[in-house]
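To start, the structure itself, in structure tokens.
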Amino acid sequence: MANYFQPEIETASREEILRIQNEKIVKQVKHVYENVAYYRNLMDEKGVKPEDIKSVDDIKKLPFLTKSDLRDAYPYGLLGTDLKNCVRIQSTSGTTGKRVVAFYTQADIDLWEECCARAIVAVGGTNEDVCQVCYGYGLFTGGPGLNGGSHKVGCLTLPMSSGNTDRQIQFMMDLGATILCCTPSYAAYIGESLAEKGYKPEDNKLKAGIFGAEPWTEEMRRSIEKSLGIKAYDIYGLTETSGPGVSSEPGEQTPAHANEDHVYPEIIDPDTGEVLPEGEKGELVFTSLDKEAFPLLRYRTRDICVLTRKKCSCGRTHVKMSKPMGRSDDMLIIRGVNVFPSQIETVLLNEGYSPNYQIVVDRVKNNDTLDIYVELTPEQFSDKVAEIQAKEKALEGAMRTMLGIGPKVHLAAPKTIVRSEGKAVRVIDNRKLHD
Ligand code: DLL
């Protein structure tokens, strides 16, 4: 399946992409230096002038921007244009601290929606599709981004937003939705709800799902594909770089292509800030090449992943980005061992459990504790205590092998763990309360 929204640029030669990037970066650095006092100061402190940036090779001379810069500059300090030229703001879904507020001109929105349209066309979307968008609408970028992309493709767009799962299912079935856009945890919940209503996976018309906004494992992908009878694709993005559509997977389900004509990605060592060679795992850093209103240069995402330039069977030439393994700050350090929630999800789904789980970390008498609550399906549930205890022991063993430390597993009765309609809250770290 090689479907392109903008074939010329999506399949452009490496030389052509570099030519575009080099042209854009010179203009963009000048734009930022002249209009964003906050970043001009950072460049001055580092002794870098716009004239020093002649191509993307020189990007490494520029200072980084971090989340704390965004907080310091809140709300207008990183604005690259007059407020009267802006037509929209969007904001992060974060619940703690100050939110990130991103600004958009109409041109910024058009480019962003084009990237979302690329993602939809890549999974087979056309103007004959019915695209059900159940990412949240409003400040969160998921709903507005995919909504705009779906319009650009010419799909019949169902702007459902998240929640009200009964209504989601009614519209999905009555209007024959063919493409579903939501978080993977919500997709799993929709799949579960369809089954509870007596629908089989083949009863719906869905063919593809475009899922992102949170980390999800390959095991989760297979579980969603089975429950909905679809192919599930990853889409990545963040408010700071407009939103979803920074990268997305092609129909072949090979790793996502990052839209290099709009963003310049780098992988750095999160401790030293040193740029790492292709294929090495590290923190993803983005430079926006053409955003007018919120033109972030070298923004440290804290997402950990790998970039590669392997030839892709889909014909797209842009750099490939592995599924983000979670943020560096999502990584839990438990009794000195690094634990990613995704490792726990992998074990659970491999052992035949549901994706309804919660991880609770605490500190008792100076010792870290790790408790994993996992919901049983009605078929798995038993009122025989010995049977449940044996299953808990077996799962603890499988976890110990994967994580290198032993958690306490609690198997819970069906419907006792809250379902997610947006980004799932997988981890509760109570240690922060004690600090
Ligand atoms: O989550 C934008 C988005 C909406 C992406 C819909 C995809 C689909 P924020 O709320 O700013 O924006 O959160 C961005 O979410 O830095 C990652 O840590 C995480 N994230 C986003 N997509 C993925 C993904 C939106 N596909 C933060 N896999 C990012 C893993 C993801 N993590």
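Each number in this note's numbering corresponds to the 1-based position in the sequence shown with 14 added.
Cβ atoms here follow ideal geometry from the backbone N, Cα and C, with glycine treated the same way.
From a predicted model like this one, the values you see are computed outputs, not experimental measurements.
Give me, in chain order, the residues of the same chain whose beta-carbon lies closer than 7 Å to that of residue i; leave out the 5 immediate sequence neighbours on both sides.
i	result
residue 425	388, 390, 402, 405, 406
residue 192	143, 144, 219, 220, 221
residue 437	107, 197, 227, 228
Just the C-alpha distance for residue i and residue j, rounded to the nearest angstrom, thanks.
i	j	result
residue 67	residue 289	17 Å
residue 200	residue 17	27 Å
residue 300	residue 287	13 Å
residue 225	residue 326	21 Å
residue 385	residue 373	6 Å
residue 335	residue 163	21 Å
residue 308	residue 99	12 Å
residue 368	residue 204	13 Å
residue 311	residue 296	18 Å
residue 313	residue 83	10 Å
residue 259	residue 265	15 Å
residue 329	residue 138	14 Å
residue 269	residue 187	30 Å
residue 346	residue 132	35 Å
Let me make sure I understand the geometry here. Which of the options has the alpha-carbon closest to that of residue i?
i	options	result
residue 393	164, 285, 210	210
residue 415	357, 427, 284	357
residue 208	398, 230, 182, 142	182
residue 62	75, 396, 412	75
residue 216	196, 245, 230	245
residue 77	90, 368, 106, 46	46
residue 440	412, 419, 381, 340	340
residue 252	269, 19, 359, 302	302
residue 81	73, 369, 92	92
residue 41	69, 59, 166	69
residue 206	429, 442, 446	429
residue 130	30, 214, 39, 271	271
residue 262	381, 338, 168	338
residue 249	195, 329, 298, 291	195
residue 413	345, 273, 365	365
residue 344	56, 316, 139	316
residue 212	232, 223, 184, 236	184
residue 282	232, 236, 342	342
residue 105	24, 85, 72, 442	85
residue 102	39, 79, 180, 257	257
residue 284	255, 90, 319	319
Got a sec? Which residues, its chain only, sit under 6 Å from residue i by beta carbon, not counting five neighbours each side?
i	result
residue 444	376
residue 305	122
residue 293	322
residue 230	198
residue 43	64, 67
residue 31	274
Excluding the 5 residues preceding and the 5 following residue i in the sequence, name in chain order all residues of the same chain whose CB lies nearer than 8 Å to its CB.
i	result
residue 26	34, 275, 331
residue 161	147, 151, 171, 173
residue 234	198, 202, 359, 363, 369
residue 419	348, 349, 351, 353, 384
residue 395	427, 428
residue 434	197, 199, 200, 203
residue 135	17, 18, 19, 167
Per the DSSP calculation, residue i is bridged to which residue(s)?
i	result
residue 222	193, 245
residue 334	271, 322
residue 281	298
residue 375	384, 443
residue 104	116
residue 426	389
residue 145	171, 193
residue 353	346
residue 258	251
residue 79	313
### Message
Below 8 Å, how does it come out for the region 174-183 and the region 136-151: are there three or more Cβ pairs, yes or no?
### Response
yes
### Query
With a cut-off of 8 Å, do at least 3 Cβ pairs link the region 50-67 to the region 351-370?
no
#### Entry: Segment contact, 8 Å Cβ cut-off, at least three pairs: the region 151-164 with the region 125-135
yes
### Message
So, does the region 113-120 touch the region 237-246, judging by three or more C-beta pairs under 8 Å?
### Response
no
### Task
Check whether the region 265-281 touches the region 34-48, counting contact only when three or more Cβ pairs, one atom from each stretch, lie closer than 8 Å.
yes
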